[in-house]
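S.K.: From first to last, the protein sequence lines are chains A and B.
Just add 13 to the spot in the first sequence (first one is 1) and you have my numbering.
Just add 99 to the spot in the second sequence (first one is 1) and you have my numbering.
Think of the CB as a built atom: it goes at the ideal place given N, C-alpha and C, for glycine as much as any other residue.
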Amino acid sequence: MSRLAVLKTYKLYIGGKFPRSESGRVYEIVGSSGEFLANAALASRKDARDAVVAARGAVSGWSKATGYNRGQVLYRIAELLEGRRAQFVDEIVAVEGVNSAVAAAQVDAAIDRWIWYAGWADKYVQVAGNANAVSGPFFNISVPEPTGVVAIIAPQDSSLLGLVSAIAPALVSGNAVVVVASERFALSAISLAEVLATSDVPGGVVNVLTGSPAEIAPWLASHADVNALDLLGAGELDWVDLQIAAAETLKRVLPPEGGSSAAAAAPSLERITAFTETKTVWHTKSLI
Amino acid sequence: MSIDKVVNSAPRAIEVLGGDLTESSLKRYLNGIPGVDAVGLEARAADLGTRSIKTTSKAWALDTIISLIDLTTLEGADTPGKVRSLVAKGLTPDAGDPSCPRVAAVCVYGDMVPYAVEALGAFHGDGIEGGINVAAVATAFPSGRASLAVKLADTADAVAAGADEIDMVIDRGAFLSGRYGLVFDEIVAVKEACRRADGTFAHLKVILETGELNTYDNVRRASWLAILAGADFIKTSTGKVAPAATLPVTVLMLEVVRDWYRLTGEKIGVKPAGGIRTSKDAIKYAVAIAETAGEEWLQPQLFRFGASSLLNDVLLQRQKLATGHYSGADYVTID
C-alpha cells in the first residue's frame, strides 16, 4: 500500500523559536533534477530585524558564559550532528545531486570542523590576547572580546560545510549570529536549526533565515544594531554595496574569499578573531 | 446601613445625580450603569489593533506619540541626577534630530518635583507651547494605603513644589468592598488639595489601577466615579501591578470619556500607563483614541502615555523612517 507523501513546509529559526515568515511567503526547495523537496520560509526584512533583536538579546548571556562552557555547548552540537548524520547525508544527496559518499564526506568534514572550532572556545584568548610590555609600573593586558551581533551570508554552493564554516567561528568567542542560509541548499540549514533548538545553545544565539540573500543582505548590512558582517557567501551579490552600507554604521566586514567558499573558509584562528574587539587594560603593579 | 453624606463640593456629581448626594444614591447610580460586553470589547480592541499605519501616517503617529508621553521614572532608587537626565531627555528626545518633538510631561515622585522644576527652568510650562509639565504621583502611590491626612499632605506638598499635574491612586480596597462614597470623598478632597495659592488647580489624574479591579464592569464604574468626583484625567494603572494598561481597558475608559462628553460637553483625558513599550503598541492606542473618543483627543491635554521605555522605541522607529535603515539601541540614550 502506498503512503500519502508528507509534504513539508519549514519555518525560520529566530530567538529559539520556529516562526513563519512575517510576510507569510514560502519558496520551493527543489532537488538536483528539479523535483519538489519541501517548502521553506522566504524571509523578509522584518524577519531579519526580528532576528537581530533576538540576537542582541542573546549576546550578553552567551558572551558572559565561560569559554570552557561555550566549548562544551558547541561540542554537544557536534554530538547531535553526529547522531543525525544519516539525515544530513540524505538531504545533501537530494539537493546537491552528489552521491552518498561525497555527501557523507561533507557531513564528516562539517562535524570535524565544528569540533575543531569548539576546542578554541577556551583557548583563543590565550593566543589572541597578550600581556604587553610597557615602560612603567603597569600591567598592560590586551584581551579579545566578542564584537556582538554578527550577520552572516552563508556560502550558497555548500549545504552544511559552508554553513558550519561560517557560523562556528563567530560563535566561539561569544557572538550571536544571524545567518542567511544558502537559498538553494537550505535543507541542511533547517536541520541544523532543529539541532540547535534541541541543544544547549541559548535561544537567539543562532538565528537562521532562509530565503533570498539578495533581498535580506542589504537590510542586515545597513542595520545599526549589527556589529559585524561576514560576506562569505555573498560573492554572487553586489557585495561592494553591502560593504559601503556596512561602513555607514561602522561594522566589521569580512569580504567574500573567492573560489568555492566552503573550501576557502578553511578552519582558521583568523576567522575567530575577525569578530572580536581587543580590550586593553592598564593596572598598576604594586609599589616596590 | 450607613448612609453617609458625601462631600458636596463635587459639581459634576450634583449636576448628574441631583442635590442630595449620599453614598446610597451614588451606589445606586454606579450600580445602574449597564455591564460591559467583555467579548465585544476585546474583539473591538483586537480589531482596532489590526490597522496598518505606514509611511507618512506612521511618521505623524510617531511624532504625535512622543508629544503625548509622560516620561516617567518612579523607582525607589530615583535621584535628583536621574530626574535631571529624564528632563534632559524629555526636552531633547533625539539629540541627532532637532525636529523631534518634546514629550508632554515628566512624571516623578513628589519629593523629586523641585528637581524637575529646576531642571526644566524656562521650559517648565503648563499648557504653554513647547513647555513640559511636571506631573507628580501622590496619595501614597502606588498602594494608596495611608490615612487621608497623609494623602492630602502628600498632594499639597507636590503642588506647592510646582507640580502641574497630580497622579493620585484610588483606594481599591474600598472600591472593591463597595464603599464608593469613601473613594468619592477622597478624590474630592485630593482635588481640593490640588488648589494652588492663586486659586487655580493642578490637573488631577485619577489612577484606577485596573489590574486590581478584576472586571470590566468595575473599570467602567470606577471611571464614572472618578469623573463624577472631579477627575481631569482617568489613568489605568500605576505601572507597579500586572496587568497594567491593556488595549481593551483603555478602549473601555475612552468609551466612558466619550459618553461623558456626549452627556455634558466636557472633555476628560485618558492616560494608559505601564506595559506600553513598543511603537507598534502605542500606534494601536492612537488608533483606538481616534476611533473611540475622536481625533481631538490626540493632544496632550486629553491623552497621555505613561511610559519610560516607549520613548526609545519610538525614537528607533523615527530614525528608521529618517535614514531608511534599522537603528539600534546604541543610537538612543540609556535611561
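So, for Val-282(B): in the same chain, excluding its five sequence neighbours on each side, which residues have a beta-carbon less than 7 Å away from its beta-carbon?
M.R.: Ile-269, Asp-270, Ala-273, Phe-274, Leu-324.
S.K.: Could you check what DSSP says for Phe-31(A) in three-state terms: helix, strand or coil?
M.R.: Note: Phe-31(A) maps to coil in three-state DSSP.
S.K.: Would you give the residue range spanned by the beta strand (DSSP E) that Asn-145(A) belongs to?
M.R.: Counting along the chain, the beta strand (DSSP E) containing Asn-145(A) begins and ends at 143-145.
S.K.: List the residues that DSSP assigns as beta-bridge partners of Trp-295(A).
M.R.: Paired residues: Asn-153(A).
S.K.: Which runs of the beta strand (DSSP E) at least 3 residues long sit entirely within the region 340-424 of chain B? Give them in chain order.
M.R.: With a minimum length of 3 residues, the continuous beta strand (DSSP E) runs that stay inside the region 340-424 of chain B are 368-370, 404-406.
S.K.: Ala-34(A) and Ala-61(A): beta carbons closer than 8 Å?
M.R.: Note on residue identity: the sequence assigns Ser, not Ala, to residue 34(A). Not closer than 8 Å, so no.
S.K.: If Ile-367(B) sits next to Ile-388(B), beta carbons under 8 Å apart, how far is it from one beta carbon to the other, in whole angstroms?
M.R.: Actually they are not in contact, since the Cβ atoms of Ile-367(B) and Ile-388(B) sit about 13 Å apart, beyond 8 Å.
S.K.: For Ala-123(A), is the classification buried or exposed, using 16 other Cβ atoms within 10 angstroms of its Cβ as the cut-off for buried?
M.R.: Classification for Ala-123(A): buried.
S.K.: If contact means a Cβ-Cβ distance below 8 Å, which residues of the region 207-235 of chain A contact chain B?
M.R.: Residues Trp-232, Ser-235.
S.K.: Kindly indicate the opening and closing residues of the beta strand (DSSP E) around Glu-41(A).
M.R.: From DSSP, the beta strand (DSSP E) with Glu-41(A) extends over 39-43.
S.K.: Checking contacts by CB at 8 Å: is His-223(B) closer than that to chain A?
M.R.: Chain A, which has no Cβ nearer than 8 Å to the Cβ of His-223(B), makes this no.
S.K.: Along chain B, in chain order, which residues have C-beta atoms closer than 8 Å to that of Arg-62(A)?
M.R.: Tyr-425, listed in chain order.
S.K.: Helix, strand or coil: which one does DSSP assign to Arg-111(B)?
M.R.: Helix at Arg-111(B).
S.K.: What did DSSP end up calling Asn-232(B) once you bin it into helix, strand or coil?
M.R.: Note: Asn-232(B) maps to strand in three-state DSSP.
S.K.: Mind pulling the alpha helix (DSSP H) runs of 4 or more residues that sit fully within the region 276-343 of chain B?
M.R.: With a minimum length of 4 residues, the continuous alpha helix (DSSP H) runs that stay inside the region 276-343 of chain B are 279-292, 315-328.
S.K.: Under three-state DSSP, which class holds Leu-250(A)?
M.R.: In this structure, Leu-250(A) counts as coil in the three-state DSSP scheme.
S.K.: Mind reading off the beta-carbon distance from Trp-127(A) to Val-177(A)? Whole number of angstroms is fine, and I expect it under 8 Å.
M.R.: Confirmed, Cβ separation roughly 5 Å.
S.K.: Going by beta-carbon coordinates alone, are Thr-377(B) and Asp-412(B) separated by less than 8 Å?
M.R.: Contact: yes.
S.K.: Restricting to runs no shorter than 3 residues, where is the beta strand (DSSP E) found entirely within the region 176-203 of chain B?
M.R.: As far as the region 176-203 of chain B is concerned, it has no whole beta strand (DSSP E) run of at least 3 residues.
S.K.: When you compare each of Ser-148(A), Ser-212(A), Ala-202(A), Asp-254(A) to Gly-84(A) by their alpha carbons, which one comes out closest?
M.R.: That would be Ser-212(A), whose Cα lies nearest to the Cα of Gly-84(A).
S.K.: Determine the extent of the beta strand (DSSP E) in which Glu-264(B) is found, giving its start and end residues.
M.R.: Where Glu-264(B) is concerned, the enclosing beta strand (DSSP E) stretches over 264-268.
S.K.: Which bits of chain A does Asp-429(B) rub up against, with CB to CB less than 8 Å?
M.R.: The contacting residues are Ala-237, Asp-238.
S.K.: What residue range does the alpha helix (DSSP H) around Leu-94(A) cover?
M.R.: Start and end: 80-96.
S.K.: Specify whether the region 406-423 of chain B and the region 145-161 of chain B touch according to this definition: at least 3 beta carbon pairs, one from each stretch, less than 8 Å apart.
M.R.: They touch, by the three-pair rule.
S.K.: Would you be able to state if there are at least three C-beta pairs under 8 Å between the region 161-178 of chain A and the region 133-151 of chain A?
M.R.: Judged by Cβ distances under 8 Å, the region 133-151 of chain A makes no contact with the region 161-178 of chain A, as fewer than three pairs qualify.
S.K.: Sort Ile-382(B), Gly-261(B), Val-305(B), Thr-345(B) by Cα distance to Arg-294(B) and report the nearest one.
M.R.: When each option's Cα is compared against that of Arg-294(B), the closest is Gly-261(B).
S.K.: Quick check on DSSP: helix, strand or coil for Thr-223(A)?
M.R.: Coil, per DSSP.
S.K.: Buried or exposed for Trp-359(B), going by 16 or more other Cβ atoms inside 10 Å?
M.R.: Result: buried.
S.K.: Return helix, strand or coil for Arg-284(A), following the three-state DSSP convention.
M.R.: If DSSP states are grouped into helix, strand and coil, Arg-284(A) belongs with the helices.
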